[in-house]
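Novice:
Numbering (the working numbering), first residue to last: 40 to 435.
This is the structure:
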């Protein structure tokens, strides 16, 4: 979920862990399916495929502790959850978090070093609290910034606490959320992102994740590693240099074209591709391509598949697609080979639907479906991203 940032925030102090510094974390990442039948009525359903999935991180918040389930999103920075009092919130199964019951909750004032406001939309209330307004393509969250004690539980069962993590208390929220999703946890490059705040305590601002394919047994969880030990190494690893962008949030690469088998579909037929034109975004299930590029790519996909699609708009097929290999070509000679596991989702009715769609935008967004069965490592300090083909159903 790549945000439009109305309020720019500079974090000047980093949360210190009470645990020993340098030790990495390995967490469980839960996959939840998202469909028109189980999303909030506020959802912009045109933004998602008919059946998609998102990945959830469990974070323990406050004193006494409350478990918050938040969508992992590499396309934004802010970690926020729904909070009482709630002016406008989407339906949520678990109780909405009540900060008045936590002894470690602290609202940030406009004078606090963590609330360095600049840009349009920045405002302080009459009570001098630090407000935020964070917009997404499919919704928004508004509220106040606060600090709170948080903790994560690793796959081994060990709990690591982090006092003073800055996050958003959402009092007015909307977007593509179902009732089991209590907020969103930003893993972007910015200083306020969760990984940037806890990174110095766990061995660095880096993380890796292994996302399962859509039709995997939902009882199997993916894995998320943060800090030391999250490096992606070994045979078959492909590493690309990230492009620094003005938003200081996105993990951006320069996509030059996409091949269907051996046929190249260039990103543009009229001009060289812009630097940093493709964002890696785990918070968005489908891959979003400029309409003109998508049209040429879809025509090439149809040409290589002998059967007629069930639905021309989403390129859904009844039959197994066999060995239809596609390749994402990035600047610097980096080629990411994709199988049908990444390019087509197997639906509950047995059909196979293309994981990309066309949008009115000049840039591309690589969604979580195309990153399935890759161990993907993000290194913020070194500005690199690494991909390693991996069976993520057994990699936990």
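Ideal placement from N, C-alpha and C gives every residue a C-beta, glycine not left out. This one's a predicted model, so the numbers in the text were calculated from it and none came from an experiment.
Just checking my contact of residue 242 with residue 63 at CB under 8 Å: how many whole Å lie between their CB atoms?
Specialist: Going by Cβ atoms, the distance from residue 242 to residue 63 rounds to 5 Å, so yes, they are a contact pair.
Novice: Please name the residue in 251, 109, 113 and 93 whose C-alpha comes closest to that of residue 413.
Specialist: Comparing Cα-Cα distances from residue 413 to each of 251, 109, 113 and 93, the minimum goes to 251.
Novice: Can you have a look at residue 257 and say buried or exposed, based on whether 16 or more other CB atoms are within 10 angstroms of its CB?
Specialist: By the neighbour-count rule (16 or more Cβ atoms within 10 Å), residue 257 is not buried but exposed.
Novice: Can you tell which of 273, 376 and 288 has its C-alpha closest to the C-alpha of residue 235?
Specialist: Ranking the options by Cα distance to residue 235, first place goes to 288.
Novice: Roughly how far, in whole angstroms, is the beta-carbon of residue 407 from the beta-carbon of residue 324, given that I think they are within contact range, below 8 Å?
Specialist: 5 Å between Cβ atoms; contact.
Novice: For residue 132, count neighbouring Cβ atoms within 10 angstroms of its own Cβ and tell me buried if that reaches 16, exposed if not.
Specialist: Result: exposed.
Novice: Relative to the alpha-carbon of residue 206, which residue among 140, 150, 122 and 254 has its alpha-carbon at the smallest distance?
Specialist: Of the listed residues, the one whose Cα sits closest to residue 206 is 122.
Novice: Rounded to a whole number of angstroms, what is the C-alpha to C-alpha distance between residue 160 and residue 213?
Specialist: Residue placement at residue 160 is poorly supported in this model, since its pLDDT is 33, which falls under 50; the coordinates still yield a value, given next. About 18 Å.
Novice: Pair every Cβ in the segment 335-346 with every Cβ in the segment 270-280, then say whether three or more of these pairs are closer than 8 Å.
Specialist: Output reads no: the segment 270-280 does not touch the segment 335-346.
Novice: Between 135, 185 and 115, which lies nearest to residue 179 when the distance is taken from Cα to Cα?
Specialist: Minimum Cα distance to residue 179 is reached at 115.
Novice: Using CA atoms only, rank isn't needed, just tell me which of 300, 130, 233 and 167 is closest to residue 96.
Specialist: Per the Cα distances, 233.
Novice: Taking Cβ positions, are residue 419 and residue 245 nearer each other than 8 Å?
Specialist: Yes.
Novice: Would you call residue 359 buried or exposed, if buried means 16 or more other Cβ atoms sit within 10 Å of its Cβ?
Specialist: With fewer than 16 Cβ atoms within 10 Å of its Cβ, residue 359 is classed as exposed.
Novice: Does DSSP put residue 270 in a helix, a strand or coil?
Specialist: Looking at residue 270 - three-state DSSP - the assignment turns out to be coil, as it is neither helix nor strand.
Novice: For residue 425, which residues does DSSP report across the bridge?
Specialist: Paired residues: 278 and 416.
Novice: For residue 319, count neighbouring C-beta atoms within 10 Å of its own C-beta (all shown protein chains included) and say buried if the count is 16 or more, exposed if not.
Specialist: The residue in question, residue 319, is buried, as its Cβ has 16 or more Cβ neighbours within 10 Å.
Novice: Using alpha carbons as the reference points, say which of 300, 291, 269 and 265 lies closest to residue 279.
Specialist: Of the listed residues, the one whose Cα sits closest to residue 279 is 291.
Novice: Please classify residue 395 as buried or exposed, where buried requires at least 16 other C-beta atoms within 10 Å of its C-beta.
Specialist: Buried is the call here.
Novice: For the beta strand (DSSP E) containing residue 334, list its first residue and its last residue.
Specialist: Here residue 334 belongs to no beta strand (DSSP E); instead the alpha helix (DSSP H) covers 330-343.
Novice: Would you check if the segment 297-305 and the segment 254-268 touch, i.e. whether three or more CB-CB distances between them fall below 8 Å?
Specialist: Verdict: no, contact absent.
Novice: Alpha carbon to alpha carbon, how far is residue 302 from residue 354? Give it in angstroms, no decimals.
Specialist: If you take the alpha carbons of residue 354 and residue 302, they lie about 18 Å apart.
Novice: Grab me the residues of residue 186's own chain with a C-beta within less than 6 Å of its C-beta, minus the 5 sequence neighbours each way, in chain order.
Specialist: Within the same chain, residue 186 has close Cβ partners 145, 203 and 205.
Novice: Out of 135, 315, 401 and 403, which has the shortest C-alpha to C-alpha gap to residue 220?
Specialist: Selected option, being the one with the closest Cα: 135.
Novice: In the DSSP output, which residue or residues are listed as bridge partners for residue 317?
Specialist: Residue 317 pairs with 292 and 403.
Novice: Excluding the five sequence neighbours on either side, which residues of its own chain have a C-beta within less than 8 Å of the C-beta of residue 66, listed in chain order?
Specialist: Result list for residue 66: 96, 97, 191, 192, 193, 194, 262, 263, 264 and 265, in chain order.
Novice: Measure the CB-CB distance between residue 254 and residue 384 and report whether it falls below 8 Å.
Specialist: It is a contact, given that the beta carbons lie within the stated cut-off.
Novice: Contact defined as beta carbons within less than 8 Å: I believe residue 277 pairs with residue 425. What is the distance between those atoms, to the nearest angstrom?
Specialist: The Cβ separation is near 7 Å, so the contact holds.
Novice: Using DSSP's beta-bridge definition, name the partner residues of residue 411.
Specialist: Answer by DSSP bridge pairing, in chain order: 250.
Novice: If you compare alpha carbons, which of 210, 100 and 200 is closest to residue 240?
Specialist: Per the Cα distances, 200.
Novice: If you check the beta carbons only, do residue 224 and residue 109 fall under 8 Å apart?
Specialist: Result yes, Cβ atoms of residue 224 and residue 109 sit closer than 8 Å.
Novice: Measure how close the beta-carbons of residue 409 and residue 382 come, nearest whole angstrom, since I'm counting them as under 8 Å.
Specialist: Confirmed, about 7 Å.
Novice: So what does DSSP say about residue 135, is it helix, strand or coil?
Specialist: Residue 135 falls in the coil class under three-state DSSP.
Novice: How big is the Cα-Cα spacing for residue 356 and residue 391?
Specialist: Going by the C-alpha atoms only, they are around 5 Å apart.
Novice: Among the candidates 283, 210 and 120, whose CA atom is the shortest distance from the CA of residue 229?
Specialist: Selected option, being the one with the closest Cα: 283.
Novice: Work out the CA separation of residue 181 and residue 153 for me, nearest whole Å.
Specialist: Cα to Cα, residue 153 sits roughly 17 Å from residue 181.
Novice: For residue 345, count neighbouring Cβ atoms within 10 angstroms of its own Cβ and tell me buried if that reaches 16, exposed if not.
Specialist: Classification for residue 345: exposed.
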